[in-house]
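Q: Protein sequences appear in the order of chains A and B. Under the UniProt record's numbering, the letters of the first sequence match residues 1 to 374, in that order. Under the UniProt record's numbering, the letters of the second sequence match residues 1 to 374, in that order. In this text, a Cβ means the ideal position worked out from N, Cα and C, and glycines have one as well. Here's a structure for you.
Protein chains: 2
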Amino acid sequence: MELSRASTVNVYNTRGRALVRVTITQVAVHAGVSVASASRALNGQIASAKTVAKVQQAAEELGYVADATAQSLKLGRTNQLAYAVADIGNPVYVEMMTAIERVVSASGYRLVLSSTGTSSSSVDVVRDLGRGYVDGMILSPLRVTDELLSALAKTPTPVVVLGRLPDSATLDTVRADSITAMRLLVDHLVEEGRGDVVFVNGPSDTTPGALRRDGFAAAVAAHPAISARSVGADDFTIAAGYAAALRVLQEHPRPDAIVAANDLIGIGSIQAATDLGLTVPGDIAITGVDNTELAGVIRPGLTSVDLGAEERGRVAAELLLARIEEPNRPAHTVTVAPSLVVRGSSRARTQGPAVSPPSHRTEASDLNDERAAR
Amino acid sequence: MELSRASTVNVYNTRGRALVRVTITQVAVHAGVSVASASRALNGQIASAKTVAKVQQAAEELGYVADATAQSLKLGRTNQLAYAVADIGNPVYVEMMTAIERVVSASGYRLVLSSTGTSSSSVDVVRDLGRGYVDGMILSPLRVTDELLSALAKTPTPVVVLGRLPDSATLDTVRADSITAMRLLVDHLVEEGRGDVVFVNGPSDTTPGALRRDGFAAAVAAHPAISARSVGADDFTIAAGYAAALRVLQEHPRPDAIVAANDLIGIGSIQAATDLGLTVPGDIAITGVDNTELAGVIRPGLTSVDLGAEERGRVAAELLLARIEEPNRPAHTVTVAPSLVVRGSSRARTQGPAVSPPSHRTEASDLNDERAAR
DNA sequence: ATGAAAGCGCTAACAA
DNA sequence: TTGTTAGCGCTTTCAT
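See below:
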């Protein structure tokens with residue numbers, strides 16, 4: 001094992017730790033009953049009070065905990081569900097995870113998070129989770145390939161997909177409505193008097209990238225008077241958004257609005273504009289997508305369209321629980337409606353610095369900003 | 001199942017999905033061999049080429065995947081490790097997770113993330129993971145209680161703790177050096193001519209909160225000439241930091257420096273100062289802890305002390321792998337040295353807006369800013 | 001090289 | 001109410 005030269009390492013004697021696993025057989029022997037009685041006593045099945053007492057004391061004394069793999073093998077379920085997501089660095093996925101966790105833990109499941117991004121592909125993750133580690137999984141794939149669809153079709157484990165799938169795939173799915181979302185943003189900018197809009201996308205070979213690009217194209221088509229085009233950032237991150245926006249803002253003529261494909265790109269765009277000495281929204285209006293907490297925290301506040309991450313997570317979890325309960329039920333596709341949240345970054349006039357807490361859409365202080373959509 | 005009124009729901013017919021799990025027995029029958037031969041063929045044990053071919057084809061045709069729980073029960077290991085963390089919304093934990101994942105996946109383990117924050121306590125998580133779901137775990141507890149120490153002592157699963165433990169606990173541990181970290185920050189601020197410093201802590205009943213508070217107190221004790229005090233934010237978040245800083249900055253006399261207990265509180269403090277019409281660093285210098293990506297992204301850049309999250313994660317993973325391999329080895333405590341990263345938020349004079357990409361400490365553009373520590 | 005059989009730790013059906 | 005026993009799916013001796 002290599003350790004950094006900068007580190008200090010101390011070594012202590014290991015106390016005698018109980019690295020051995022105590023089994024139910026040992027508990028039964030210790031309590032003077034059969035393993036069946038021990039199992040029943042431990043699981044609240046019918047057993048005499050005397051037996052229960054003896055077994056519980058024996059279990060306590062020996063530090064018994066039931067082995068999860070043996071229990072799972074016998075019972076055919078693990079009481080574990082997985083949320084598999086590519087990019088846990090994006091706050092919107094953390095928000096979804098929190099919503100999912102709330103629902104599944106209320107139903108007695110533990111949620112484990114599988115990060116598909118780093119070393120393994122989503123296909124590997126689906127295959128692996130399909131081996132019985134979990135009773136069901138919620139998948140947020142960044143790219144939907146034929147290989148992934150085939151893995152999804154083959155896995156015996158119930159799956160719910162967050163994101164768009166081809167119509168041919170009849171799986172439970174929860175989707176955002178990118179078309180409406182982009183229309184809300186473009187309509188808003190046009191209302192605010194912007195006429196030269198650039199869409200700063202993430203990678204367009206990802207599902208969200210393709211959908212938001214198409215949504216933007218459809219939205220601007222409804223406004224023949226404005227000028228619009230798209231560029232791509234390398235990633236859905238602040239740094240990539242910064243780099244892409246820097247290029248866009250140094251062109252001539254400079255656009256008067258940037259529609260970023262997500263909040264991170266939008267925040268990078270605000271920083272780029274500020275570093276170029278431009279004012280937001282005076283010189284340039286900037287909007288994001290996802291309405292993450294950061295959008296309310298940055299100055300100026302980032303106008304963003306809320307894709308309902310919390311609701312999508314919650315619904316996905318509910319669909320998964322329903323499918324586990326009834327494996328052959330028809331597949332559902334749920335589309336969650338977006339809503340626009342207008343903040344300072346896209347208004348026609350700048351407001352003076354006001355003392356108000358950074359707000360998120362769930363906070364009352366934000367309600368003034370919010371506009372209903374659809 | 002309840003669905004939001006705003007949502008659209010479509011229902012399709014379910015294609016006949018293979019919800020049944022195919023076992024190795026079925027593969028063996030299909031291939032015309034015994035289960036033992038099938039197992040050997042599948043696992044690369046000695047078997048004739050003919051047998052291997054037959055078995056592999058049968059497995060392919062039937063879509064066989066070995067059941068994880070049965071395999072785990074038989075082999076006594078799961079090939080899974082867990083990272084249990086309270087607050088996955090904090091980017092520093094994501095950074096650690098990424099480092100951990102890199103190490104463990106190189107050794108053939110899958111990493112699962114257990115979020116201890118939301119519904120269950122860390123004690124529950126330790127107990128649950130100790131049931132055999134995983135071969136080992138890395139724990140980042142926010143609070144170290146006697147109950148947690150007792151659960152840690154009892155679990156048969158190898159554990160590495162990220163954070164400080166009482167000296168009586170002889171477990172593998174990886175720690176940051178809060179004392180040195182806070183000293184680096186305070187020394188830097190004094191050098192820059194600041195003389196009235198407020199420490200905006202997170203909850204001081206957490207381990208990081210207590211350590212950073214003590215570190216700050218020790219650091220200011222070395223500078224009798226400056227005035228210093230501490231206040232507490234409700235949480236290690238941007239919003240809580242904003243609220244706490246707002247209070248501090250409205251007092252008279254106003255301090256000329258804020259030392260925030262982490263970057264999120266520091267960013268909230270910058271926003272609060274800006275919203276009050278103060279300039280950073282002109283009117284007030286602000287520093288953070290953790291050197292997360294956000295510190296390089298915000299304007300002005302947030303001076304921060306890097307606690308070595310990447311290294312701590314990597315070392316923790318290495319310690320865990322070493323312990324799994326050799327369960328009775330002596331316990332190691334590794335302390336990772338901090339380093340100061342100076343950015344615009346704490347300099348004596350403000351620099352004009354410069355066009356440079358948002359930088360993180362790993363990027364070359366940041367090297368100019370960085371000062372070696374220790 | 002292959003097959004029969006034991007057994008990982010647990011729960012549940014059946015008998016007593 | 002309790003104990004005996006089968007068996008979840010897999011790997012691995014042990015014979016052959």
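Comparing C-alpha positions only, which one of A66/A, V341/A, T78/A and A245/A sits nearest to T69/B?
A: Checking every option, the nearest Cα to that of T69/B belongs to T78/A.
Q: For G288/B, which beta-bridge partners are listed by DSSP?
A: S304/B
Q: Compute the beta-carbon to beta-carbon distance between D27/A and L62/A, rounded to the nearest angstrom, for a pair I have assumed lies under 8 Å.
A: Reading the sequence as shown, one finds Val at residue 27/A and not Asp. 6 Å between Cβ atoms; contact.
Q: For A106/B, tell me which candidate among A233/B, R314/B, G268/B and G296/B has the shortest Cα-Cα distance.
A: R314/B
Q: From E101/A to I226/B, what does the alpha carbon distance come to, in whole angstroms?
A: 47 Å
Q: For A38/B versus A317/B, is the C-beta distance shorter than 9 Å?
A: Between A38/B and A317/B, the gap from beta carbon to beta carbon reaches 9 Å or more.
Q: With a 10 Å radius around its C-beta and 16 neighbouring C-beta atoms as the bar for buried, classify N90/A as buried or exposed.
A: Burial state of N90/A is buried, judged by a 10 Å Cβ sphere holding 16 or more other Cβ atoms.
Q: In whole angstroms, give me the CA-to-CA distance for R329/A and G296/A.
A: Within the model, the alpha-carbon separation for R329/A versus G296/A is close to 41 Å.
Q: Cβ of D234/B less than 9 Å from any chain A Cβ?
A: False, the Cβ-Cβ gap to chain A never drops below 9 Å.
Q: Should T303/B and L185/B be called a contact, given that it needs their Cβ atoms to be closer than 9 Å?
A: Against a cut-off of 9 Å, the Cβ pair of L185/B and T303/B comes out as a contact.
Q: Can you tell which of D214/B, D87/B, T180/B and L81/B has the C-alpha that lies nearest to the C-alpha of R131/B?
A: L81/B
Q: What's the call for A222/A, buried or exposed, on a 16-neighbour Cβ count within 10 Å?
A: Answer is exposed; the Cβ neighbour count stays below 16.
Q: Which residues in chain B sit within 7 Å of A70/A, going by Cβ to Cβ distance?
A: Taking a Cβ-Cβ cut-off of 7 Å, the neighbours of A70/A in chain B comprise L73, given in sequence order.
Q: Pick out whichever of G215/A, I270/A and D263/A has its Cα sitting closest to the Cα of V341/A.
A: D263/A
Q: If I measure Cβ to Cβ from Y242/A and keep anything under 8 Å in the same chain, skipping five residues before and after, which residues do I get?
A: G268, S269, Q271 and A272
Q: Taking A169/A as the reference, give the member of D187/A, K154/A and T180/A with the closest Cα.
A: K154/A
Q: Between which two residues does the alpha helix (DSSP H) harbouring S72/A extend?
A: A68 to L75
Q: With 9 Å set as the bound, which would you pick, yes or no: does the beta-carbon of N43/A sit closer than that to a beta-carbon of chain B?
A: no
Q: Using the Cβ count rule (16 or more neighbours within 10 Å means buried), how would you classify P224/B?
A: exposed
Q: Just checking my contact of A8/B with T180/A at CB under 8 Å: how many whole Å lie between their CB atoms?
A: Before going on, a small fix: residue 8/B reads as Thr here, not Ala. Incorrect: roughly 11 Å between the Cβ atoms, too far for contact.
Q: Just checking: is the beta-carbon of P255/B within a distance shorter than 9 Å of some beta-carbon in chain A?
A: no
Q: Kindly list the residues whose CB is nearer than 7 Å to the CB of P327/B, restricted to its own chain and excluding five residues on each side of it in sequence; keep chain order.
A: P158
Q: My guess is that T207/A and G163/A are in contact by the Cβ rule of under 8 Å, so how many angstroms apart are they, rounded?
A: 5 Å
Q: Does any residue of chain A bring its CB to less than 9 Å from the CB of M137/B?
A: Not an interface residue.
Q: Am I right that I265/A and A228/A are in contact with their C-beta atoms under 8 Å? What's the rounded C-beta distance?
A: About 17 Å; that fails the 8 Å criterion.
Q: If we define contact as Cβ-Cβ less than 9 Å, is residue 375/B a contact residue for chain A?
A: Any property of residue 375/B remains undetermined from this structure, which presents chain B solely from 1 to 374.
Q: By the DSSP assignment, the alpha helix (DSSP H) with residue 376/B in it spans what residues?
A: Residue 376/B falls outside the range modelled here, since chain B spans only 1 to 374, and no answer is possible.
Q: When you compare only the Cα positions, how much space is there between T279/A and D196/A?
A: Each residue's Cα considered, the two are about 16 Å apart.
Q: I want to see whether chain A comes within less than 9 Å of P156/B, judged by CB atoms only; does it?
A: Taking 9 Å as the threshold, the shortest C-beta distance from P156/B to chain A falls below it.
Q: Spell out the partners DSSP gives T335/B in its beta bridges.
A: Partner residues in the beta bridge of T335/B, as assigned by DSSP, are T8/A and R175/B.
Q: If you measure from the beta carbon of S304/B to each beta carbon in chain A, is any gap under 9 Å?
A: No, no contact with chain A.
Q: Looking at V161/A and S140/A, is the spacing between their C-beta atoms short of 9 Å?
A: In contact: S140/A and V161/A (Cβ atoms closer than 9 Å).
Q: Output, in chain order, the set of chain A residues within a Cβ distance shorter than 8 Å of R299/B.
A: Q271, T274 and D275
Q: So, R323/A versus D172/A, is the Cβ gap smaller than 9 Å?
A: yes
Q: Would you tell me roughly how many angstroms separate the C-alpha atoms of T350/A and D256/A, rounded to the nearest one?
A: In this prediction, T350/A scores a pLDDT of 43, lower than 50, which makes its location untrustworthy; the coordinate-derived value is nonetheless stated afterwards. Counting only the Cα atoms, D256/A lies some 14 Å from T350/A.
Q: Find the residues of chain A that neighbour A58/B, judging by a C-beta separation of less than 9 Å, and give them in chain order.
A: Here the premise fails: no neighbours, minimum Cβ distance about 16 Å.
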